[in-house]
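For reference, the structure discussed in these notes is given below.
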Amino acid sequence: MEPQTHISQRTGRANEVGSVTRSKAESKAAYDRMSKWYDLLTGGSEKKFREAGLEKLDAREGEVILELGFGTGHCISAIAKAVGDSGKVYGIDISEGMLGITSEKLAKAGLTERAELTCGDATSLPYPDDFFDAIFMSFTLELFDTPVIPVVLQQCKRVLKDGGRICVVAMSGSTNPGTVMKVYEWAHRNFEKYVDCRPIFVEQALEDASFNILDTTTLSMWGLPVKIVLAVK
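Taking this note's numbering, the leading residue of the sequence shown gets 561, the next gets one more, and so forth.
Structural data, given as structure tokens:
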């Protein structure tokens, strides 16, 4: 699996990003199997990044917000609390297993009426144009193959209202990767079944999709950079 060269439409910079070779069906099956154990495997390591992303998103009372790749429901539950009874949160995820876990979590928290979940594909969002005040995704965008990322972001742009915001939490690529990054990318190339996320150039992808970046925070996960980027349509 060779890296793909991504050339920014705006800057002309060429950056290498690892490929994603497994199919949507394989991804769906993997996350269906993993859904019951996902929090045990990754919940602790992702928690501070999710929370930092939610803080940057700043969901407000009465807003209508979409989460792509809601997983086991931690963020969508927090957003449902933030938007209140006058708002609503929608979520889409490829995994029926994740949908089941999240539905149970929302029900236990008494938040079912504030949320609407869909098992579906982010490359063709089942929502009308100019519908959402904000979109959130955490460790999701980097799961799509490089040519698919612009498709997902154009769908996000379509369903966002003018001036709507998007917050993306993702592993970040580097033009000068260190040893830890090189080892991780090797693991992704050779063991994608187990190391499915790979670093991407988040800001570049958003800029290429004609989003205006407002703010970026860079944190570290095991020595790997994680970007939290807030942008607007």
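Note that beta-carbon positions come from the ideal geometry of N, C-alpha and C, so glycine has one too. Just so it is clear, the structure is predicted and the values come from calculations on it, not from any experiment.
message = Could you tell me the alpha carbon to alpha carbon distance between Met731 and Val708, rounded to whole angstroms?
response = 17 angstroms
key: For Pro785, the three-state DSSP class (helix, strand or coil)   = strand
query = Helix, strand or coil for Arg718 per DSSP?
reply = Note: Arg718 maps to helix in three-state DSSP.
Nearest-angstrom Cα separation, counted from Leu720 out to Arg610 = 21 angstroms
key: Residues near Glu627 by beta carbon distance below 7 angstroms, same chain, minus five either side   = Cys635, Ile636, Ile639, Val649, Gly651, Phe696 and Met697
message = In whole angstroms, give me the CA-to-CA distance for Gly631 and Ile625.
response = 16 angstroms
task = Sort out for me which residues DSSP pairs Val762 with in a bridge.
result = The partner list for Val762 (beta bridge, DSSP) is empty, contrary to what the question assumes.
task = Flag this pair as yes or no: are the beta carbons of Ala619 and Ala694 separated by less than 8 angstroms?
result = yes
ask   = Just checking my contact of Gly647 with Glu606 at CB under 8 angstroms: how many whole Å lie between their CB atoms?
value = That pair is no contact at about 25 angstroms.
query = Quick one: what's Glu627 bridged to in DSSP?
reply = Beta-bridge pairing links Glu627 to Gly651 and Phe696.
query = With a Cβ-Cβ cutoff of 8 angstroms, do Lys793 and Phe771 count as a contact?
reply = yes
message = Going by DSSP, what residue range makes up the beta strand (DSSP E) through Glu673?
response = Glu673 -> no beta strand (DSSP E), and no H or E assigned at all.
request  = Give the C-beta separation of Ser583 and Ile654 to the nearest angstrom, bearing in mind that I take them to be a contact with Cβ-Cβ under 8 angstroms.
outcome  = With 8 angstroms as the limit, Ser583 and Ile654 do not qualify as a contact, their Cβ atoms being about 11 angstroms apart.
inquiry  = Which of the three DSSP states is assigned to Gly733 in this structure?
reply    = coil
message = Quick check: the Cα distance between Ser633 and Asp645, rounded to an integer number of angstroms?
response = The sequence as given places Gly at residue 633; Ser does not occur at that position. Using only the alpha carbons, I get a separation of about 18 angstroms.
ask   = Rounded to a whole number of angstroms, what is the C-alpha to C-alpha distance between Glu752 and Ala590?
value = A caution first: Glu752 carries a pLDDT of 49, below 50, which makes its placement in the model unreliable, though a value can still be read off. So the two alpha carbons sit approximately 11 angstroms from each other.
inquiry  = Less than 8 angstroms between the C-beta atoms of Arg758 and Glu673, yes or no?
reply    = Inclusion of Arg758 and Glu673 in the CB contact set at 8 angstroms is not warranted, their separation being larger than that value.
request  = Would you mind reading off the limits of the alpha helix (DSSP H) that contains Leu659?
outcome  = Glu656 to Lys668
key: Reference Thr700; option with closest CA among Gln764, Met781 and Ala682   = Measuring C-alpha to C-alpha distances from Thr700 to each of Gln764, Met781 and Ala682 identifies Ala682 as the nearest.
request  = Using a threshold of 8 angstroms, state whether the C-beta atoms of Leu666 and Ala675 are closer than that.
outcome  = Yes. Within cutoff.
Three-state class that DSSP yields for Leu779 in the structure shown = strand
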